[in-house]
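In the working numbering, the protein residues as written are 449 to 581.
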(Lines of atoms letter the chains of each structure in order from A and count residues from 1; the text may use other names and numbers.)
(Lines give C-alpha, C1' and ligand atoms only; values in the text may rest on other atoms or scores of the structure.)
Protein backbone atom coordinates (compact mmCIF):
# COMPACT_ATOMS: atom_id res chain seq x y z
CA UNK A 1 0.00 0.00 0.00
CA UNK A 2 1.42 3.38 -0.94
CA UNK A 3 1.75 6.15 1.60
CA UNK A 4 -0.94 8.80 1.61
CA UNK A 5 1.43 11.44 2.92
CA UNK A 6 4.83 12.67 1.83
CA UNK A 7 7.35 12.66 4.63
CA UNK A 8 9.63 15.59 5.35
CA UNK A 9 12.47 13.64 3.74
CA UNK A 10 10.42 13.04 0.59
CA UNK A 11 8.55 16.26 -0.22
CA UNK A 12 6.77 16.83 -3.49
CA UNK A 13 9.34 18.92 -5.35
CA UNK A 14 8.69 22.45 -6.59
CA UNK A 15 7.89 22.88 -10.24
CA UNK A 16 9.41 25.13 -12.88
CA UNK A 17 11.06 28.50 -12.95
CA UNK A 18 8.85 31.57 -13.02
CA UNK A 19 8.98 32.15 -16.79
CA UNK A 20 7.62 28.66 -17.48
CA UNK A 21 4.68 29.27 -15.14
CA UNK A 22 3.35 32.45 -16.75
CA UNK A 23 0.94 30.58 -19.04
CA UNK A 24 -0.41 28.74 -16.00
CA UNK A 25 -0.94 32.00 -14.10
CA UNK A 26 -2.61 33.64 -17.10
CA UNK A 27 -5.30 30.94 -17.22
CA UNK A 28 -6.60 32.51 -13.99
CA UNK A 29 -5.21 36.05 -13.68
CA UNK A 30 -5.15 39.06 -16.00
CA UNK A 31 -1.96 39.94 -17.83
CA UNK A 32 -2.08 43.36 -16.14
CA UNK A 33 -2.02 41.76 -12.68
CA UNK A 34 0.88 39.50 -13.62
CA UNK A 35 2.85 42.39 -15.17
CA UNK A 36 2.26 44.66 -12.16
CA UNK A 37 3.42 42.02 -9.66
CA UNK A 38 6.45 41.30 -11.81
CA UNK A 39 7.42 44.99 -12.13
CA UNK A 40 6.87 45.81 -8.45
CA UNK A 41 8.89 42.76 -7.46
CA UNK A 42 12.09 44.27 -8.87
CA UNK A 43 11.70 47.46 -6.81
CA UNK A 44 14.09 47.77 -3.84
CA UNK A 45 11.20 47.50 -1.36
CA UNK A 46 8.99 45.18 -3.42
CA UNK A 47 5.31 46.00 -3.78
CA UNK A 48 1.77 45.15 -2.78
CA UNK A 49 -0.52 42.41 -4.05
CA UNK A 50 -3.08 45.14 -4.97
CA UNK A 51 -5.29 45.41 -1.91
CA UNK A 52 -3.09 47.89 -0.03
CA UNK A 53 -2.54 45.48 2.87
CA UNK A 54 -0.61 42.60 1.30
CA UNK A 55 3.00 43.69 0.86
CA UNK A 56 5.72 41.54 -0.63
CA UNK A 57 9.45 42.15 -0.73
CA UNK A 58 11.90 42.40 -3.57
CA UNK A 59 11.79 39.11 -5.46
CA UNK A 60 8.23 38.41 -4.30
CA UNK A 61 7.16 37.57 -7.86
CA UNK A 62 9.58 34.63 -8.04
CA UNK A 63 8.46 33.39 -4.63
CA UNK A 64 4.78 33.64 -5.60
CA UNK A 65 5.49 31.77 -8.84
CA UNK A 66 7.23 28.97 -6.92
CA UNK A 67 4.21 28.81 -4.63
CA UNK A 68 1.82 28.43 -7.57
CA UNK A 69 4.18 25.88 -9.13
CA UNK A 70 4.18 23.86 -5.91
CA UNK A 71 0.38 23.64 -6.03
CA UNK A 72 0.55 22.48 -9.66
CA UNK A 73 3.19 19.88 -8.80
CA UNK A 74 1.00 18.47 -6.07
CA UNK A 75 -1.94 18.15 -8.49
CA UNK A 76 0.30 16.40 -11.02
CA UNK A 77 1.34 13.84 -8.39
CA UNK A 78 -2.26 13.26 -7.29
CA UNK A 79 -3.43 12.75 -10.89
CA UNK A 80 -0.45 10.47 -11.65
CA UNK A 81 -1.26 8.41 -8.56
CA UNK A 82 2.13 8.83 -6.91
CA UNK A 83 0.24 10.16 -3.86
CA UNK A 84 -3.39 9.61 -2.88
CA UNK A 85 -3.97 13.14 -1.62
CA UNK A 86 -2.02 16.09 -0.38
CA UNK A 87 -1.87 19.59 1.00
CA UNK A 88 0.21 22.27 -0.69
CA UNK A 89 1.91 24.00 2.22
CA UNK A 90 3.09 27.04 0.26
CA UNK A 91 3.65 30.70 1.05
CA UNK A 92 2.13 32.96 -0.10
CA UNK A 93 -0.92 30.73 0.36
CA UNK A 94 -2.87 31.98 -2.65
CA UNK A 95 -6.55 31.41 -2.00
CA UNK A 96 -7.87 34.98 -1.62
CA UNK A 97 -6.54 36.49 -4.85
CA UNK A 98 -9.07 37.46 -7.52
CA UNK A 99 -8.57 37.50 -11.28
CA UNK A 100 -7.23 41.06 -11.34
CA UNK A 101 -5.86 41.57 -7.85
CA UNK A 102 -4.06 39.92 -5.00
CA UNK A 103 -5.71 39.98 -1.61
CA UNK A 104 -5.19 38.82 1.96
CA UNK A 105 -1.44 38.19 1.47
CA UNK A 106 -2.21 36.07 -1.60
CA UNK A 107 -0.42 37.25 -4.75
CA UNK A 108 -1.88 34.62 -7.08
CA UNK A 109 -4.77 32.22 -6.47
CA UNK A 110 -2.75 29.00 -6.33
CA UNK A 111 -5.80 26.76 -5.89
CA UNK A 112 -7.42 28.16 -9.03
CA UNK A 113 -4.13 28.07 -10.94
CA UNK A 114 -3.64 24.39 -10.06
CA UNK A 115 -7.26 23.51 -10.90
CA UNK A 116 -7.03 25.35 -14.25
CA UNK A 117 -3.78 23.51 -15.03
CA UNK A 118 -5.43 20.20 -14.23
CA UNK A 119 -8.38 20.98 -16.45
CA UNK A 120 -6.52 22.63 -19.37
CA UNK A 121 -3.29 20.65 -19.47
CA UNK A 122 -4.21 17.31 -17.94
CA UNK A 123 -7.75 17.22 -19.35
CA UNK A 124 -9.50 16.51 -16.04
CA UNK A 125 -12.95 18.08 -15.77
CA UNK A 126 -13.33 17.55 -12.02
CA UNK A 127 -10.18 19.00 -10.48
CA UNK A 128 -8.42 17.26 -7.60
CA UNK A 129 -7.42 20.69 -6.34
CA UNK A 130 -10.95 21.07 -5.03
CA UNK A 131 -10.77 17.84 -3.08
CA UNK A 132 -12.77 15.85 -5.62
CA UNK A 133 -11.08 13.21 -7.75
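Beta carbons: idealized from backbone N, C-alpha and C, even for Gly.
Only a predicted model underlies this, so the values are computations on that prediction, with no experimental measurement involved.
Query: Cβ pair count under 8 Å reaching 3, the stretch 497-514 against the stretch 543-558; Result: yes
Query: Coarse secondary structure for residue 571, derived from DSSP in three states; Result: coil
Query: Alpha carbon of residue 601 to alpha carbon of residue 510, nearest angstrom; Result: Here the chain covers residues 449 to 581 and nothing more, so residue 601 does not appear.
Query: Beta strand (DSSP E) runs contained entirely in the stretch 471-524, provided each spans 3 or more residues; Result: none
Query: Contact between the stretch 483-490 and the stretch 526-534 (3+ Cβ pairs under 8 Å); Result: no
Query: Distance CB(residue 478)-CB(residue 548) smaller than 8 Å; Result: yes
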